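Trainee:
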Amino acid sequence: DETQRLFKAEQQRVAELAVITSVQETLASKLEFREMINIVGDKISEVFNTQEMSIRLVDHVSNIVSFPYITDHGVKLEVEPMPLGVGFTWEVVRTRQPLVINNNMAERSAEFGSFTIGDEPIPTLSFLGVPIISGDEVIGVVTIESKYENAFKPSDVSLLVTLANSMSVALENARLFDEPERRARESLVLNEVG
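Okay, so the sequence shown: first residue is 257 according to the working numbering, each after it adds one.
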């Protein structure tokens, strides 16, 4: 039994390493911010076999959270930015720690002032959110949800934390890379209008 358990644990580690390597290769090869977010979001959804997943970015200057990648029942949604300050996302940002909720979802949602985005014919029963940290600041949160209780194990938390850590540097680099291009486009439009 012990040999079998160790063998399965080793297989799990090999699979996790393959996922991490795949995401890191994607992050290294893509500089366009939106494309990188979509590829990583799709990969995380595939790895965790979930149809409810999001990458949420935090703007501390305007105190809002945006949703460049969010799926509900496997459908990508366009969601307007929202104020930051309540809910599960705020708790992850505030504590800078993963948040795992595997049961008592209704009570925990009320406790944090959390709410659902999108249609929920089957309620979320488990939630996992991890911070994306760049330097000393939480720049985002990666979340996955499940329609089953007790869906997330410590190994899931560890894998998602590793993926979020990989994303942090790449996201910051892509954002910095896109910033001059965005400003140049804005300047061109202002010049044309002028």
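For each residue, glycine too, the CB sits at the ideal point set by N, CA and C. Quantities reported herein were computed from a predicted structural model and do not represent experimental measurements.
Starting from Asp328, follow the beta strand (DSSP E) in both directions and report where the run begins and ends.
Mentor: From DSSP, the beta strand (DSSP E) with Asp328 extends over 320-328.
Trainee: Restricting to runs no shorter than 3 residues, where is the beta strand (DSSP E) found entirely within the segment 353-402?
Mentor: Runs of the beta strand (DSSP E) inside the segment 353-402: 355-357, 382-390, 393-402.
Trainee: Which same chain residues, not among the five before or five after Ile320, have their C-beta less than 7 Å away from its C-beta?
Mentor: Closer than 7 Å at Cβ, skipping near neighbours: Pro337, Met338, Pro339, Leu340.
Trainee: Using a beta-carbon distance below 8 Å, is Glu401 in contact with chain B?
Mentor: Absence of chain B from the displayed structure is noted, only one protein chain being present.
Trainee: Going by the CB atoms, is the gap between Ile373 and Val335 shorter than 8 Å?
Mentor: For Val335 and Ile373, yes; Cβs fall inside 8 Å.
Trainee: Where does Val348 fall in DSSP's three states?
Mentor: If DSSP states are grouped into helix, strand and coil, Val348 belongs with the helices.
Trainee: How about Ile395 and Leu427: are their beta carbons less than 8 Å apart?
Mentor: For Ile395 and Leu427, yes; Cβs fall inside 8 Å.
Trainee: Whether or not the segment 304-324 and the segment 396-413 are in contact is what I'm after, with contact meaning three or more pairs of Cβ atoms, one per stretch, closer than 8 Å; do they touch?
Mentor: With a cut-off of 8 Å, the segment 304-324 and the segment 396-413 count as touching, because enough Cβ pairs lie within range.
Trainee: For Thr418 versus Lys403, is the C-beta distance shorter than 8 Å?
Mentor: Result no, Cβ atoms of Thr418 and Lys403 do not sit closer than 8 Å.
Trainee: Give me the residue from Glu302, Asp257, Ile293, Met423 with the minimum Cα distance to Ile389.
Mentor: The option with the nearest alpha carbon to Ile389 is Met423.
Trainee: Considering only residues of the same chain and omitting the five flanking positions on each side of Gln353, which have a CB-CB separation below 8 Å?
Mentor: Excluding sequence neighbours, Gln353 sits near Pro387.
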